[in-house]
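Written below as structure tokens is the structure these notes are about.
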Amino acid sequence: MFNYIRAEFYKLVRRKYTYIALGFFLLLEGLLVACYAFHNAHSNPTPFGGAIPIVVEMGAVGFCICLLTADIVFAGQYKNSTLKNEVSFGLSRTRIYLGKLIAQTLLSILYLVAMMGFFLGACAIVLPIDPPLAPDEPLYYTLAENALIIVGWFLAAGLPLWIAGQAAACTCQFLINGDMAASFVYVGIVFVLEPILQIAGALTGGRVGDVLFKICAYLPGPLLDSAKSTVGDWSYMGQTWIVGLFWLAVCTAVGLYGFNRKEIK
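Okay, so the sequence shown: first residue is -17 according to this note's numbering, each after it adds one.
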């Protein structure tokens, strides 16, 4: 397994796609920091502690990156007819599936570290750390230490949920031959399933409706949306990890079962 993952990363570090995608996200972050700097030069300054909590509004970006890294690692193997070569070579389908899932997850974590390091570092350099507070300015969102706690809490809560999204993206890539179709199914699972269940729950009502609403509360996306209002609530943190591990196990089990039964052409 280790050799397979190492081989996947050998291919990743030699693909321009890997660096272009990361560079695009870093460019967007640089533009955001530049906007803060421009605002500070022409209006009341936004301090470091007032800028970085915007990260908690970017949970959907993490799920999008999961789809991107899944595409980078999988590299259109059905379209290019390369997956059958790996199977014909004698590699077990379980090793192939888990190896690519682990490679995708590690690549997403590397992206997360690079993006957060760049954004926090750029904000620390460009923005004032702790300027004098106005009498009515909320201390909670201004002091750098508290802002870092908020961001750290959000990342700790989001990590297992993003990994669950990564597992869903991997499942879609392996079970659906078309790259575009796999992407649409993933988007439907992560972003569209919740409103569909809510509408169905509202129309159905009764016990069935209550069950549908409860299911919505345990989907990765809606659960992550609650992170910014639950700082310090360790029961919530435990819930995110339990839900993340649950969806990881379910998606991986479905993906492995389907891939082992799938005919590869």
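The C-beta atom is built at its ideal place from N, Cα and C for all residues, glycine as well.
- For residue 41 against residue 170, the beta-carbon gap comes to about 18 Å, at or over 8 Å, which does not count as contact.
- By the beta-carbon neighbour count (other beta carbons within 10 angstroms, threshold 16), residue 90 is buried.
- Only residues of its own chain outside the window of five on either side were considered, and among them 48, 49, 52 and 168 have a CB closer than 6 Å to the CB of residue 151, listed in chain order.
- The DSSP-derived three-state label of residue 19 is helix.
- For residue 236, same chain residues with a beta-carbon under 7 Å away, outside a window of 5 residues either side, are 153 in chain order.
- Secondary structure of residue 160 (DSSP, three-state): coil.
- Sequence-distant partners of residue 194 (beyond 5 residues in either direction) whose C-beta falls short of 6 Å from its own C-beta, in its chain, are 179, 182 and 183.
- With a 10 Å radius around the Cβ and a threshold of 16 neighbouring Cβ atoms, residue 1 comes out exposed.
- For residue 234, the closest C-alpha among the options 245, 148 and 11 is that of 148.
- Within the region 134 to 188, the runs of alpha helix (DSSP H) at least 4 residues long that lie entirely inside it are, in chain order, 161 to 169 and 175 to 186.
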